[in-house]
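Engineer: Here it is, the structure in full.
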Amino acid sequence: MMKKKQKRKPKIKLQKTKKILKKSKEIKKNKFKKLKTKKQKNKEPRKKGKYSPKILRGMKDILPEETKIWDFVCKRLTELAESYGFQKIETPVLEERALFEKSTGLSSDIVEKQMYQFTDRGGNSVVMRPEFTPGIVRSYIEQGMFNLPQPIKFFCFGPLFRYERPQAGRLRQLHQFNFEVLGSAKPVVDAQLILFSQAFFNTLGLKVNIQINSLGCPSCRKSYRSKLMNYFRAKQKWLCPDCQRRLKTNPLRILDCQNPDCRELITRAPQLVDDLCSECQSHFVKVLEYLDEANVIYKLNPYLVRGLDYYTRTVFEFWPERPEKPINDSLLQGEEEKKITNELQEKEKELFSSPSALGGGGRYDNLVESLGGRLTPAAGFAYGLDRIIEEIKIQDLKVLKSKSPQIFLAQIGEVACRRALKLFEDLRKQGFKVGENLAKDSLKAQMEMANKLGVKLTLILGQQEILDKTIIIRDMHSGNQEIVDQEKIIKELKKRLK
RNA sequence: GUGGCUAUAGUGUAGCGGUAACACAAGACUCUGUGGAAGUCUUAUCACGGGUUCAACCCCCGUUAGCCACCCCA
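Numbering-wise, the first sequence is residues -11 to 486 according to our numbering.
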């Protein structure tokens, strides 16, 4: 301890005034030296200024514990996507900056201030993709995919980058699983995307509610927007400060506000659904009819607004369904009870902390054209994989466990180790999943590991067995051991694992 | 980008202005041929950098990171 102190503060000012103090410090040090425990004896203080690696802000390591869930989710999604006729596509992480300016929209936060952008060595202004859709549309146009039978259905997944202030469920490197259907304006397409999602959340057992709305086409949205502004401008006084600001920047966002006073006004505000032009109206009605026909449970949310510029008509989001927050019994007075409720609150905090959408999307009928392609109506959506995985953990869903080995191969001694290395390969080729720790010498340590892995059988190979050309098969449950010929090992294993 | 709360072994938590504790996990040994038992040991510059103090993990300031709300989005 004291040693550390000396190293840590080498530059103690040697001013005269401090000298006396220093002396008394020494006395103290000596006084406490006797009390030093042996723990500190061979402790070497770390050198100052030593580099210690650190993950970048908003980035995340996904460790084996969690990759299991990731692989599970991605596998399920891939299977499901393929069964719905989606084909996998992969586009680059880097794209031209202009691509996102022209699609996602200059006014959107994503483009305005959240892009990882830089100039590459060739002087091009490039960005790391903040979302998938523009890249896929670019590819669709550039590769002439409008010559293929339409509509064309894609899925993809991978990392996206947004320079945001990180929070739970909000990372700078985020992962999405994304779907696009290009080349059809039919409402049945919208409906099927939602149907797909319901199927997906069902296979996971995730409780989710589906919210849906229509934003109409640019022309009906424009007239609605001014109508809405007129409505709120008249009642500006009663709006919360946030909403007063929103009134200028993004009036549609007011509809989202949770402030009770604002909500009061919002319920009486004009609704976009009532203001749709006849085409948009009939499109939306048809989507809902299809959904009803297919028994999809959804919630019509006239206040659902999406921030990306390119959305038209149908939009939808998937929100995790959490249990209702219990009303705290205010009669509980004692300290004990208070403590308990506090603990409960801590535990349930994650359950009730404001959840974020697990996925969302909608129709973007004009995007392809605005990026220079032909008029190609399209729709798509994405899941936030990071959020889905968090939600799986919160809702405590059982995820398929990765197959753990049923056999463990233990060895004692150099010769046996050499033989085991080969035997492991033979067994693996036969399709057995075998655990091993060839790096360990002690049999005890290997047995411990076998136990931890929960294997059924352990093979033990030692000096004696090598000489006799045999091997021990130990049944980990009963503890019975049997010595068999090495040649018959595969047969024996098959028999026992039946 | 704005405001608030937090920071102690790998994880989860104690702690007090004066020796940094506990549980689990991990590793080593007791024990160079046998797991689910026991014991011993190891695993913390108390996030980083300053300041106040005889003395700071504790108080103050700054930085960084995480969380919460806003904003936005998946």
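All C-beta atoms in this analysis are idealised placements derived from N, C-alpha and C, irrespective of residue type, glycine included.
Apart from the five residues just before and just after Ile15, which ones in its own chain have a Cβ nearer than 6 Å to its Cβ?
Structural biologist: With a pLDDT of 35 at Ile15, under the threshold of 50, the modelled position of that residue is not reliable, and the figure given next carries that caveat. For Ile15, where only same-chain residues beyond five positions count, there are no Cβ hits under 6 Å.
Engineer: Only counting the same chain, and skipping five residues up and downstream in sequence, which positions put a Cβ closer than 6 Å to that of Ile460?
Structural biologist: Taken in chain order, the residues that qualify are Ile448, Gln469, Ile471.
Engineer: In whole angstroms, what is the alpha-carbon distance linking Asn238 and Arg301?
Structural biologist: Their backbone Cα atoms lie some 18 Å apart in a straight line.
Engineer: I'd like the span of the beta strand (DSSP E) that includes Asn197, first residue to last.
Structural biologist: First-last of the beta strand (DSSP E) with Asn197: 196 to 202.
Engineer: Figure out for me which residue from Leu279, Asp280, Leu162, Cys250 has the closest Cα to the Cα of Trp58.
Structural biologist: When only C-alpha atoms are compared, the closest one is Leu162.
Engineer: Can you give me the C-alpha to C-alpha distance between Ser172 and Asn425, rounded to a whole angstrom?
Structural biologist: In a straight line, the C-alpha of Ser172 is about 56 Å away from that of Asn425.
Engineer: What did DSSP end up calling Met133 once you bin it into helix, strand or coil?
Structural biologist: Three-state DSSP puts Met133 in a helix.
Engineer: Suppose you measure from the CA of Phe188 to the CA of Leu68; what does that come to, to the nearest Å?
Structural biologist: Cα-Cα distance, rounded: 7 Å.
Engineer: Since Leu359 and Ile129 are thought to touch, with beta carbons under 8 Å apart, how far apart are those beta carbons, to the nearest angstrom?
Structural biologist: Yes, Leu359 and Ile129 are in contact; Cβ-Cβ is about 6 Å, under 8 Å.
Engineer: Roughly how many whole angstroms lie between the Cα atoms of Leu279 and Leu415?
Structural biologist: Cα to Cα, Leu279 sits roughly 52 Å from Leu415.
Engineer: What is the rounded straight-line gap between the Cα of Ile124 and the Cα of Lys483?
Structural biologist: Looking at the two C-alpha atoms, the distance is approximately 52 Å.
Engineer: Is Leu148 near Arg117, with beta carbons less than 7 Å apart?
Structural biologist: Contact: yes.
Engineer: According to DSSP, is Ile478 part of a helix, a strand, or is it coil?
Structural biologist: If DSSP states are grouped into helix, strand and coil, Ile478 belongs with the helices.
Engineer: Which word fits Tyr212, buried or exposed, when buried means at least 16 other C-beta atoms lie within 10 angstroms of its C-beta?
Structural biologist: Classification of Tyr212: buried, given that the 10 Å Cβ count is 16 or more.
Engineer: Would you list the residues sitting across from Asn166 in a DSSP beta bridge?
Structural biologist: For Asn166, which the question treats as bridged, DSSP gives the partners Cys144, Ala370.
Engineer: Per DSSP, which residues does Leu288 bridge with? Please list them.
Structural biologist: Bridge partners of Leu288: Ile200.
Engineer: For Leu260 and Leu292, I'd like the C-alpha separation in whole angstroms.
Structural biologist: Going from the Cα of Leu260 to the Cα of Leu292 covers about 10 Å.
Engineer: When you compare only the Cα positions, how much space is there between Phe396 and Ala404?
Structural biologist: Phe396 and Ala404: Cα-Cα distance of roughly 14 Å.
Engineer: Return the chain-ordered ranges of every beta strand (DSSP E) run that is complete within the region 401 to 486 and spans a minimum of 3 residues.
Structural biologist: Counting only runs of 3 or more, we get 422 to 424, 445 to 449, 458 to 463, 469 to 473.
Engineer: Phe184 lies in the alpha helix (DSSP H); which residues open and close that run?
Structural biologist: Residues 175 to 192.
Engineer: Buried or exposed: which applies to Gly107, given that a residue is buried once 16 or more other Cβ atoms fall within 10 Å of its Cβ?
Structural biologist: The sequence shown places Thr at residue 107, not Gly. Exposed, because fewer than 16 other Cβ atoms sit within 10 Å of the Cβ of Thr107.
Engineer: Quick one: measure Cβ to Cβ for Gly372 and Phe167, integer angstroms, because I've assumed they're closer than 8 Å.
Structural biologist: Not confirmed; about 13 Å, so no contact.
Engineer: Can you tell me the Cβ-Cβ gap for Phe165 and Phe142, rounded? I've got them flagged as a contact below 8 Å.
Structural biologist: Not a contact, Cβ separation roughly 12 Å.
Engineer: Are Phe306 and Val176 touching if we call contact CB-CB under 7 Å?
Structural biologist: Result no, Cβ atoms of Phe306 and Val176 do not sit closer than 7 Å.
Engineer: The beta strand (DSSP E) spanning Ser392 covers which residue range?
Structural biologist: Neither: Ser392 is in no beta strand (DSSP E) and is coded neither H nor E.
Engineer: Can you tell me the Cα-Cα spacing of Gly111 and Gln105, whole angstroms?
Structural biologist: So the two alpha carbons sit approximately 12 Å from each other.
Engineer: Helix, strand or coil for Val81 per DSSP?
Structural biologist: Val81 falls in the coil class under three-state DSSP.
Engineer: Where Ser95 and Ile380 are concerned, what is the direct C-alpha to C-alpha distance, given to the nearest angstrom?
Structural biologist: Whole-angstrom Cα-Cα distance: 34 Å.
Engineer: Answer with buried or exposed for Ile50, where buried requires no fewer than 16 other C-beta atoms within 10 angstroms of its C-beta.
Structural biologist: Result: exposed.
Engineer: With DSSP run on the structure shown, which of helix, strand or coil describes Gly123?
Structural biologist: If DSSP states are grouped into helix, strand and coil, Gly123 belongs with the helices.
Engineer: Report the CB separation of Val81 from Thr92 in whole angstroms; it is logged as a contact under 8 Å.
Structural biologist: Going by Cβ atoms, the distance from Val81 to Thr92 rounds to 16 Å, so no, they are not a contact pair.
Engineer: Would Lys444 and Gln399 qualify as a contact pair, given that the criterion is a beta-carbon distance under 7 Å?
Structural biologist: In this structure, Gln399 does not lie closer than 7 Å to Lys444 by Cβ.
Engineer: Consult DSSP for Tyr278 and reduce its assignment to one of helix, strand or coil.
Structural biologist: The answer is helix: DSSP assigns Tyr278 an H, G or I state.
Engineer: Apart from the five residues on each side of it in sequence, which residues of its chain come closer than 8 Å, Cβ to Cβ, to Glu331?
Structural biologist: At Glu331 the pLDDT is 39, less than 50, meaning the model places this residue with poor confidence; the figure from the coordinates comes in the next sentence. Correct list: empty, nothing qualifies.
Engineer: Report yes if the C-beta distance between Val284 and Leu192 is below 7 Å; otherwise report no.
Structural biologist: Contact: no.
Engineer: Alpha carbon to alpha carbon, how far is Leu235 from Ser214? Give it in angstroms, no decimals.
Structural biologist: Roughly 11 Å between the two C-alpha positions.
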